Amino acid sequence: MKILHTADIHLGDLTGPVRDGKNARRQDTIACMKYIAQRAATETPNITIIAGDLFNRSRVWADTALDDVNDAITEFIRPLCRSSEHVVLLFGTENHDNPRAFETVREITKDEKNLHIYTAPGIEKLTTSAGPIQILALPGFDKGRLRLFCPGADKEAENRNATALINDVLLGLSTELDKSIPSILVAHYTVAGSEADNGSTFLAGQDVVILPSTIDSTGVDLACFGHIHRPQKLPCNTPAYYCGSPNQLNFNDEGVEHGFWLHRIYTSPVGEPGTAVETKFDQTPERQHYTYRMGPEDVTAFTASGELPEAPEPLKDAIVRVRYNCTAEQEKALNKADLQKKLLAAGAFYVAEVLPEDVEDVAGESEVTEHEGPTEALERYLKKLEVTPEEAARLMELAAPLIKKADDGRDADKRTGNFAPISIEVKNYRSYTEAEFDFSDVHMAMVNGQNGVGKSSLFMDAIADCLYEQTRKEDIGGWVRDGTKSGAITFTFGMGAETYRVIRTRTKSGRGTLAIHRRNPETGEWLDESDTTMKLTQARIERVLGMDCNTFCSVALIRQDAYGLFLEASSDRRMEVLSALLGLDIYGRLEDLAKDGASEQRRKIAATRERLSVLEEQIAAKAELEAELGQYDDKISAAQKEAETLETAIAAAQRSEAMREELTKQAEAKEQEASATGADITDKGNRLAAVKAQLSNAETLAAAAPAAEEAAAAVEQARAVIEAAAPDEEKMRACIQSIADKEKTLITADRTIQSARQTIAEAEAIIAKGEDIRQAQGAIEALGTRRADAEARLRSFQQAHKAVLEAKAARDAQLAEVKAEISRREERIAYYAKRAALLEDSGCPAPENATCNFLKDAVAAKDSLETLREGLNGYRATAKTEYERLTAAFQQAKAAYTAIGDPAAELEEIAAEEAGHRQLAGLAPKLAAAETLVEELTKTIETEEARIRETTKAIEEANAALPQYREAHTRAEAARASLNAKKALADTLPQCRAASATADALRPQVSSLEADIEQLKQKQATATVEAAAIRSKIPAETGGSTLVALTARRRELTETVNALSANKGGTRTKLDAIAEAEEQAGEYRKDITAIARALNDYQTLVQAFGLDGIQYMIIRGVVPEIMHRANDILAAMTGGRMAVDIRTEKEQKSTQKIVNSLEVWINSITGGSRPYQSHSGGEKVKIALAVTLGLADVKARRAGVQLGMLFIDEPPFLDADGTEAYADALANMAARNPGMRILAISHDPTMKARFPQNIIVQGGENGSSVSME
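First residue of the sequence shown: 303, per the numbering used here; consecutive thereafter.
Next up, the structure:
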């Protein structure tokens, strides 16, 4: 039996480049999937196993999830189902495989009957061509479910509990296996002793593990595991394997071959136990990972030259990370963005990260960087806070689901590479009616023009409005040109290898549209990547850019009034800008999630406290209820004593009443006896009337007995006739049915004959055209030769036409050039002739020998005239010769073009002839089969005609037999009519026979009842007389009223005692409830303590993920780089008199809260230090400009999205030195970042010389216009 074993496909978008709008790493995974499917088609395994983690992310956006499911089914599952007898698909872990995605796969592939999807543990028996096999499926385990049953356990205890549970489940399932049939364990777990992706060994307690001894105890023949990405054989006696992932997923996979296993299970001969397994590993076309290492010397060489040494072979087409060692100064000088570009140019598929392994720094512990994940950053943050290990473990566990939820796939479509503007196009925008500018040739340009013509509008506002349009609600549409109804802005930019354009429209009333398109690099077609609403599309644009509006306007698009945007902002806002610049938005999402968690804990505390308050109110009544309980005891005791006194008096009164009550009872008994006797008389009278009525009915039925006997005899006779006719009736029905069936056969046979004759006619028509068909085929073959010849002549004709055009163009170009040159020379001769004429008009006695300065030029001009005229004549002759040569070449090409002729008409004629022959030639395949078909159909007709004759004869025979059967049917019908008429009377015969006996029995009962009634009347009279006698002896009532009063008082006391006891019980119940409430209140106080701790933990995470926590630690690490670059620029502007000092220090936010702050101070050459706001206007501009350019430089040189543009408006208040330093800074920026497009707006004409390119903006009646010199 052949088994293909794969797992851990991790289909989905992985971190990497996007090409043609698709995640290239995803395409690598699909290539490996296709390879596995192709090998399956070759090997045709009995079973293909996918042992979990088919998908990469469980939580992704809806469109990505649909792509994942679609690619999994079309590229992998269905091809495997076609190549394999059975496909086993196992659910992996919930952070990769989504249960809903698996349900979708199950629903879509329900037509694949050989696909078996396992999302729960179980055993299934499969039948293959190599014999039966059992699958013991054990999908991945969610520890979150275990926490419901074992809350509060630490990680190690949790792993031990889960390990025990999973091993017990596996052993329990194994008892259900049929040991006579081979079995395979398919599971997605860690096995103790296996080798992890990083090379370490897994031990029990580190993870939820399956023990090797458990695998051996199951008795399976083969164990196919998923979960660990490193292929390996497991340390147990059972053949057990991890297949690993088919594609390398991260740098832990570097240097490890990936693929899948092909297992063969050999069953032993009959009567001998056991199986044997043979295994072969097949490597997939995986994408390699490679670590490129640089030492201090390598960093120095690259910083100096900007070039890499020859790239090692493993770097080619690989995912590369850079690890370098250097000093802190070398690290600041290293241009990581440029290094990234050079690595890509050297053949790297993708540069994942550029990180130091060791940077020598006197500051000690290295800072957290934006390249570290949230988990690692949180660990370092907690370590810095010096929290206890227990508290740190609790906080890390609490943060894990938040990090999982925040890392939800929304960053998968973030782009990397150089962001560079390509063009801006506006219509009805501010001062522009319609304008377009292409930035492709811009490197370092200045925009010039008068005030108010729209320099800033086009190169600043239009770009910001197109990408972000951050404006007040009442100003929406304000940029639409006055006098027009609507306007539009289109901004096209490059992002790495991709090209995008954003199109925004607005009407004056404020309605608008927003779209983002991406260009297909192969077809040039624009693909729409907009979302469903403007708000969602705006969010997508910002994800592509990796910057919000404030960040963009702080580092890329710097307006005149926004130099201080970063410096004048609050400390928090400065932190937000740097956070966006470094791409730390995931920490913002984590902060929001932590805040949500804290809010939930506050709600729980409030709800618990409210319940506790209710209980405390109940407990407060305890003392009052206890006093009330004592009062009830006193009242009950007094009532019970009074009741004892009443009992004696009641006993005496009861004895005096006893005699009277007894006589009254005896009289009442006699009266009741008389009444009962009267009731008996009435009852027996009723019975007597009923018996007499029964007697009358019985006598009537007895008189009808002779007629019933006669009807019964007639019924028996009719039944005999019907029974005798039954066989003939059955034959009649069979005969009628047979005739109907045979008539249908006649109809079917006739239709078959008609169809066959029609088909024969069609086939004979084709046979009759046989010669025409063959002639048509020959004609098409002959036309094919003509077509090839005509097409060859067409190509020659086209080449000749091209040669004519080229020859004419060459002649015309030479003629234009000659005319221009002759005109230039003639102008020069005319000028010299005019200068020479001065000699004749000068009055000089010897003009030829003149030496004065006035006539010296005229003498030289006269001397040159003849040479110039000779040169002109010579040039004309040479040009004429060349023109004649070019004309001859043109005529020769034209003659060759005419000689060939245009074969287009001939090709059309050939096509028409082919079309005429093609219909007949198309009948050729039918011609060969036509004669055979005629012969077969002729036989069919003969067969059907014979069937018609036989069927007709059978129908005639059946019709002949019908009359005798119909006669028997008529007799049976008459008998049935007689039976129906007399059956009711005949059925009364038993009753009539019984009625005579009934009458005889009823007559004595009538006599007996009449005698009983007479006796009862005498008894009733006697009882009435005796009752009257007894009542005459009853004495008059004496003490009855006293007894009634005493009894009423006793009843009243009893009711009082009962009421008091009930109230006492209610009070006791309330006290019991208070006791329970006191216990519950204690539990609530414990809950509040636990919730408060959770709230405190969430608040700690809010602080950790907020601007004041991890983000601050990351930002603090990049501040020196920003300061270094800003101070280089500021020193040049101020002659070294000022330096920026960005301080990361603690600030007293309130009386109870101290937070981290990011403050900007300016140090002067005199040693003083003042805040930015306290400087003059000109100084503030220089400082702001230096910091802004520093931010732009840092953004341009970081990995990820590099800044490829810096558009800056003219800074005010700069003196001559400041202006010169400003221009130097921009030139230095251009030199440091060759790919950056720098554009500055200025009104200063002296600045124009400092910029190699100039852009002119001019106003006009129809709007402003722009051009580039």
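Heads up, the beta-carbon is just placed ideally off N, CA and C, and yes, glycines get one too. Because the structure is a prediction, the values reported are computed rather than measured.
Residue i vs residue j beta-carbon contact at 7 Å
{"i": "Arg625", "j": "Met762", "result": "no"}
{"i": "Pro441", "j": "Thr411", "result": "no"}
{"i": "Leu1239", "j": "Thr1061", "result": "yes"}
{"i": "Leu487", "j": "Ala432", "result": "no"}
{"i": "Ala326", "j": "Ala353", "result": "no"}
{"i": "Ile1082", "j": "Ala1190", "result": "no"}
{"i": "Arg1095", "j": "Pro1205", "result": "yes"}
{"i": "Leu382", "j": "Thr350", "result": "yes"}
{"i": "Pro611", "j": "Tyr592", "result": "no"}
{"i": "Ile818", "j": "Ile843", "result": "yes"}
{"i": "Thr492", "j": "Val511", "result": "yes"}
{"i": "Leu438", "j": "Ser386", "result": "no"}
For residue j and residue i, believed in contact at Cβ under 8 Å, the rounded distance
{"i": "Phe583", "j": "Gly561", "result": "6 Å"}
{"i": "Lys1251", "j": "Ile1024", "result": "The amino acid occupying residue 1251 in the given sequence is Arg; Lys does not appear at that position. Contact doesn't hold; Cβ gap of about 40 Å is too wide."}
{"i": "Arg1088", "j": "Ile1212", "result": "6 Å"}
{"i": "Glu1380", "j": "Ile921", "result": "6 Å"}
{"i": "Leu1493", "j": "Val656", "result": "Not really, about 20 Å apart at Cβ, beyond 8 Å."}
{"i": "Leu704", "j": "Ala896", "result": "6 Å"}
{"i": "Arg803", "j": "Tyr731", "result": "With a Cβ gap of about 16 Å, Arg803 and Tyr731 do not count as contacting."}
{"i": "Gly796", "j": "Ile724", "result": "6 Å"}
{"i": "Ala1014", "j": "Ala1288", "result": "4 Å"}
For residue i, the first and last residue of its enclosing beta strand (DSSP E)
{"i": "Gly561", "result": "561-569"}
{"i": "Arg821", "result": "814-821"}
{"i": "Thr308", "result": "304-308"}
{"i": "Tyr626", "result": "621-629"}
{"i": "Leu392", "result": "388-392"}
{"i": "Asp600", "result": "Note, Asp600: premise wrong, no beta strand (DSSP E); alpha helix (DSSP H) at 598-607."}
{"i": "Tyr802", "result": "800-809"}
{"i": "Asp833", "result": "That residue, Asp833, is in no beta strand (DSSP E); it is neither H nor E in DSSP."}
{"i": "Ala747", "result": "746-750"}
Span of the alpha helix (DSSP H), counted from its first residue to its last, around residue i
{"i": "Phe404", "result": "401-410"}
{"i": "Met1034", "result": "1007-1070"}
{"i": "Met698", "result": "691-708"}
{"i": "Thr1253", "result": "1226-1288"}
{"i": "Glu1316", "result": "1291-1333"}
Burial state of residue i (16 or more Cβ within 10 Å)
{"i": "His307", "result": "buried"}
{"i": "Cys1388", "result": "This sequence places Lys at residue 1388; Cys is not what is there. Counting Cβ neighbours within 10 Å, Lys1388 comes out exposed, since fewer than 16 surround it."}
{"i": "His388", "result": "buried"}
{"i": "Tyr1133", "result": "exposed"}
{"i": "Ile1416", "result": "buried"}
{"i": "Asn1535", "result": "buried"}
{"i": "Thr834", "result": "exposed"}
{"i": "Ile1049", "result": "exposed"}
{"i": "Arg1113", "result": "buried"}
{"i": "Val664", "result": "Confidence is the limiting factor: at Val664 the pLDDT is only 35, short of 50, which leaves the residue's position unreliable, though a coordinate-based value still follows. By the 10 Å Cβ count, Val664 comes out exposed."}
{"i": "Glu1045", "result": "exposed"}
{"i": "Glu1186", "result": "exposed"}
{"i": "Asp413", "result": "exposed"}
{"i": "Met1440", "result": "buried"}
{"i": "Lys1255", "result": "exposed"}
{"i": "Val1327", "result": "exposed"}
{"i": "His490", "result": "buried"}
Minimum length 4: unbroken alpha helix (DSSP H) runs contained in the segment 841-895: Within the segment 841-895, the complete alpha helix (DSSP H) runs of at least 4 residues fall at 851-857, 873-883.
Secondary structure, alpha helix (DSSP H): runs of 4+ residues fully inside the segment 492-562: As far as the segment 492-562 is concerned, its whole alpha helix (DSSP H) runs of at least 4 residues are 514-520.
Any beta strand (DSSP E) of 3 or more consecutive residues that is wholly inside the segment 332-388: Scanning the segment 332-388 for uninterrupted beta strand (DSSP E) segments of 3 residues or longer gives 349-352, listed from N- to C-terminal end.
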